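Engineer: Let me give you the structure first, and then I'll get to my questions.
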Amino acid sequence: TLALCYNNVQVFRGVVKLRRGIVAKVFDRTKTMDDVYGAFYDFSCMIEKKVDKNDPNAMKTLKQLESIKKICRENGDLHKRKLYVNDETQSKALFIAMLVVLIAILLFAYLRDKPM
């Protein structure tokens, strides 16, 4: 929840909740201490991406996040785990959707200008 709320203006406008799918993944995939370290590592990475570099406390926040990640790397076997939040999959899906829309627009423009 902290990773979702950090630097999120929606906290002041309404309810901010973790999606049920992510909650289910966390519960399902945290069976050992290595899994717990992996979860903390993943969510620390999420918060790290949200840190505003212009914030006067940014360096302090980044330092604390790095210490959390270091503890996770030293104590947990992070290579065996699956990611809880996979931004790469979402980026690929968005790219494919945009590509399909672009092709449809080009095809429509081509067929519209072509005499029948």
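For the sequence shown, the numbering used here assigns the number 733 to the initial residue and increments by one for each residue that follows. Virtual Cβ for every residue (Gly too), placed ideally from N, Cα, C. Keep in mind that this is a model prediction, so the values were computed, not measured.
Is K793 helix, strand or coil by DSSP?
Structural biologist: Correcting the residue type first, residue 793 is Thr in the shown sequence and not Lys. Three-state result, T793: helix.
Engineer: Taking the C-alpha atoms as reference points, what is the distance between S776 and G746?
Structural biologist: Computed Cα separation, rounded: 24 Å.
Engineer: For A735, is the classification buried or exposed, using 16 other Cβ atoms within 10 angstroms of its Cβ as the cut-off for buried?
Structural biologist: Buried, by the Cβ-count rule.
Engineer: Spell out a yes or no on whether the segment 772 to 788 and the segment 798 to 812 are touching, meaning 3 or more CB-CB pairs, one atom from each, closer than 8 Å.
Structural biologist: The segment 772 to 788, when compared against the segment 798 to 812, does touch it at the 8 Å Cβ threshold.
Engineer: Determine the closest residue to D809 out of L839, K782, T762, with distance taken between C-alpha atoms.
Structural biologist: Looking at the Cα atoms, T762 is the closest of the given residues.
Engineer: Check this for me: beta carbons of L750 and T733, under 8 Å apart or not?
Structural biologist: Taking 8 Å as the Cβ cut-off, L750 and T733 qualify as a contacting pair.
Engineer: Can you name, in chain order, every residue of its own chain whose Cβ lies under 7 Å from the Cβ of V748, other than the five neighbours on each side?
Structural biologist: Same-chain partners within the cutoff: L736, C737, N740, Q742.
Engineer: Under 8 Å by Cβ, that's how I've got L794 and E780 pegged, so tell me the actual separation to the nearest angstrom.
Structural biologist: The pair is a contact, with the Cβ atoms about 7 Å apart (cut-off 8 Å).
Engineer: L750 by DSSP, collapsed to three states: which one?
Structural biologist: Three-state result, L750: coil.
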